[in-house]
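Novice:
Protein chains in written order, with the working numbering: chain A, 16 to 451; chain B, 16 to 451.
1. DSSP on residue 444 (chain A), reduced to helix/strand/coil?
2. Between residue 43 (chain A) and chain B, is there a C-beta pair that is closer than 7 Å?
3. For residue 229 (chain A) and residue 276 (chain A), what's the separation of their Cα atoms in angstroms?
4. Please name the residue, chosen from A:245, A:331 and A:375, that lies closest to residue 410 (chain A) on a Cα-to-Cα basis.
5. To the nearest angstrom, how far is the alpha carbon of residue 79 (chain A) from that of residue 60 (chain B)?
6. Starting from residue 58 (chain A), follow the alpha helix (DSSP H) in both directions and report where the run begins and ends.
7. In whole angstroms, what separates the C-alpha of residue 107 (chain B) from that of residue 150 (chain A)?
8. Counting only beta-carbon atoms, is residue 126 (chain B) nearer than 7 Å to chain A?
9. Between residue 103 (chain B) and residue 75 (chain A), is the Cβ-Cβ spacing less than 7 Å?
10. Flag residue 23 (chain A) as yes if its beta-carbon sits less than 7 Å from any beta-carbon of chain B, otherwise no.
11. DSSP puts residue 130 (chain A) in a beta bridge; with which residues?
12. Going along chain B in order, which residues have a C-beta closer than 7 Å to the C-beta of residue 75 (chain A)?
13. Identify which residue in A:220, A:234, A:65 and A:199 has its Cα closest to the Cα of residue 208 (chain A).
14. Would residue 95 (chain B) and residue 92 (chain A) qualify as a contact pair, given that the criterion is a beta-carbon distance under 7 Å?
15. Restricting to runs no shorter than 3 residues, where is the beta strand (DSSP E) found entirely within the segment 116-175 of chain A?
16. Looking at the structure shown, is residue 287 (chain A) part of a helix, part of a strand, or coil, going by DSSP?
17. In terms of residues, what are the limits of the alpha helix (DSSP H) holding residue 190 (chain A)?
18. Name the residue from A:141, A:343 and A:441 whose alpha carbon lies nearest to the alpha carbon of residue 263 (chain A).
19. Measuring straight from C-alpha to C-alpha, what distance separates residue 175 (chain B) and residue 146 (chain B)?
20. Can you tell me which of the three DSSP states residue 303 (chain A) falls into?
21. Which residue's Cα is closest to the Cα of residue 180 (chain A): A:197, A:170, A:169 and A:204?
22. By the 7 Å beta-carbon criterion, what residues does the segment 358-385 of chain A contribute toward chain B?
23. Report the neighbours of residue 429 (chain A) on chain B: residues whose CB is nearer than 7 Å to its CB, in chain order.
24. Anyone know if the C-beta pair for residue 256 (chain A) and residue 219 (chain A) falls short of 7 Å?
25. Assuming residue 138 (chain B) and residue 298 (chain A) are in contact, meaning their beta carbons sit under 8 Å apart, how far apart are those beta carbons, in whole angstroms?
26. Please list, in chain order, all residues of the same chain as residue 394 (chain A) whose beta carbon is under 7 Å from its beta carbon, the five residues on each side excluded.
27. Give, in chain order, every residue of the segment 245-275 of chain B whose Cβ lies closer than 9 Å to some Cβ of chain A.
28. Under 7 Å, Cβ to Cβ, is there at least one residue of chain A near residue 238 (chain B)?
29. Using a Cβ-Cβ cut-off of 7 Å, state whether residue 66 (chain B) counts as contacting chain A.
30. DSSP state of residue 46 (chain B), grouped into three classes?
31. Any beta carbon of chain A sitting closer than 7 Å to that of residue 140 (chain B)?
32. Name, please, each residue of chain A whose Cβ falls closer than 7 Å to the Cβ of residue 91 (chain B).
33. Compare the C-beta of residue 325 (chain A) against all C-beta atoms of chain B and say whether one is closer than 7 Å.
34. Using a C-beta cutoff of 7 Å, does residue 406 (chain B) count as contacting chain A?
35. How many Å lie between residue 17 (chain A) and residue 246 (chain B) at the Cα?
36. Three-state secondary structure (DSSP) at residue 81 (chain B)?
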């Protein structure tokens, strides 16, 4: 379409060129996952002549591989055959199907709250819930952690309320801001587990400060639900403070292996969000298949601690082996294993080399997901990655680090307490020999 | 939690009370749909002692009942068994699975565009695409139809760009605004089929004006894709102007029976939205099950016109019978059958009576979905509603109208041309006798 003076195409082309120049252009890898053979998947490179290849995925956010669990898959299959492939409408327009009602009951029970509400994504749950709650509280001040996820920041912005930011996980700063706010309505929004660094918030202390200064609390537990706490209720369950946090937001797309986000809270809060948030009101409900699959995952993880234990073991083993090989793994108390590169171009090159030479897929994490200069590979070991596969990963990364002349730390062999023996081991030297 | 002077609970309680006073409080009906027996579903009223009942659904947005189509269900089942229940990550973080790539290829082909992009909902596709496109065009003026859907308005607002509104489907007003805007970038956003009144936009004239005044065009076809055009490409396909509209937005949750939204456009536009929209970047991909189900529905409807023909026949028959019975059906050229009530309380009562006395489920449509004073029942006949069921619906509505003393029109028997005979019939009197 030639339309004279205003050349619309040129603006889109320029925007894309800019991203490429800044090394921020992202290429999505076309991966065909095999539910039975995780972490292996078929990778189809772009281009008609590039043959498909088998690769091992090391960056899935299906942290416990519940998306491939038999109970979950069979719940999906059963719901598809019984109820069909879609919900057929928004929640109000005939879309409130029985499986979504059951799922919400299960989620409320998981967090010991009166009620829960499911959304089509975690992004939408934060947008809808934070903005709606803040708008319903007159003259509300939002007090937000500096490293909160994009979706929380979007919810804060959308509310139009005044906002102050406390330094990441800095309790003295949070207290200062709470005190300065005085008697007005205060909404503290934070995450329990920050997904890029893998650090954990002092949730008990936040709850204590909120009580002391009479603030309303909203926690994002998306990287923790299913994975922490005796029933998978998250970090707040593990720390025994679920009842002291007003709203718990979680996801069905990570620990629970399916799709969607949710909030759990007192019934009047859920009723208000349900009634006022346009992003909820005007969106088709999650299909019965997704609700039934998620419900099966939540139920299973309430009673089974096996996946959680194995997950923590494999994450700890990966960190141990990376450190022992001198690779710059960032220390943290969680299942996230970040490997620092610190440069967008080198991070992309490391990821490409890992894929092409070693058939290992770990996408580069760059801006806007992390700050410029902190680009990294973010490794997420699952219960289904074997010890042998961890050994292969570490050897592949050592090769990539040498090839790209990336800096090594001095190797540090920190013994690891393995749950099956109860003893400390230096596992990595043996893994290395086995991989050779 | 007693927290002194600031009683947070009271604000949520007050907000809910306000909705109840204004007759705007919504109750979601818990419906268990049976894929094989649509329109019948099991309704579970609230309360422990209320027994479950079988009801007939007459307000589904799964317009063609593709959510219950064997090909779609088996595609979901197959994808669940092969790939598992979830995508495992965002598009960039290992979540670009093969079924979503196939779906996007299919959607691009449906609209004869270079590329397509799938989102978790239509609401998000409008939010993400309209705001991103407008922001990338310098000094962009958005020219928006007065009756655009909430999600489009959200996208317009989020862009932060200047906006002007043209009177609904008023081409003289649109031209006036285009002319007044001069040489600057202009983005015209509109729907092809407005879902509450069922009227259709003059898409060919909009495309012509956009070309004449060098404007960029964005159409929402969510209530038309799958249902109009020789391959289900929507109203723009039917009118032969798909190539003259820059961006076509559609849904997978209505005509295609599953979940999600999408846009189709030139590759550089898709690449820009994919790269810049936070609501896309930070959201887990639709599961392989949903993508495979949607893809099966799109493919089937590209080659089969049977569902579209039967859909139009049943909608026309419903309108014919409602008019003949003197019920105030709003005339329009589409498959939407709005029955005007004009009062929130009476609309709710009509819906309740229909459900309780006649086991027919049509939820009341009230503010904010439609303007105050235009509350209505919105009926959506599908290809699977039989002629006999249409007769039962009309008789039930006549009873409700009498019971609530709602006004009737003078009965108007407009003959109906039935596709199977090619002749005009006055079908309603016979349907009435059969229902008695």
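Idealized CB from N, CA, C, for every residue including glycine. These figures come from a predicted structure and were not determined experimentally.
Specialist: In terms of the structure at hand:
1. helix
2. yes
3. 27 Å
4. Nearest C-alpha to residue 410 (chain A): A:375.
5. 36 Å
6. Careful: residue 58 (chain A) lies outside any alpha helix (DSSP H), inside the beta strand (DSSP E) at 55-59.
7. The alpha-carbon atoms of residue 107 (chain B) and residue 150 (chain A) are separated by roughly 33 Å.
8. no
9. yes
10. yes
11. A:280
12. Within chain B, the residues whose beta carbon sits less than 7 Å from that of residue 75 (chain A) are 103, 104 and 109, listed in sequence order.
13. A:234
14. yes
15. 130-134 and 156-160
16. The answer is helix: DSSP assigns residue 287 (chain A) an H, G or I state.
17. 186-196
18. A:141
19. 8 Å
20. Residue 303 (chain A) carries a helical assignment under DSSP once its states are collapsed to helix, strand and coil.
21. Closest by alpha carbon: A:204.
22. 376 and 378
23. Simply none; closest approach about 28 Å.
24. With contacts defined by Cβ atoms closer than 7 Å, residue 256 (chain A) and residue 219 (chain A) form a contacting pair.
25. 5 Å
26. 73, 74, 333, 352, 354 and 377
27. 258, 259, 261, 266, 267, 268, 269, 271, 272, 273, 274 and 275
28. no
29. no
30. strand
31. no
32. Near residue 91 (chain B) (Cβ distances below 7 Å), the residues of chain A are 95, 100 and 304.
33. no
34. no
35. Any reading at residue 17 (chain A) needs caution, since the residue's pLDDT is 45, under 50, leaving its predicted position unreliable; the model's value is listed next. The alpha-carbon atoms of residue 17 (chain A) and residue 246 (chain B) are separated by roughly 28 Å.
36. In the structure shown, residue 81 (chain B) sits in a helix (DSSP, three-state: H, G or I).
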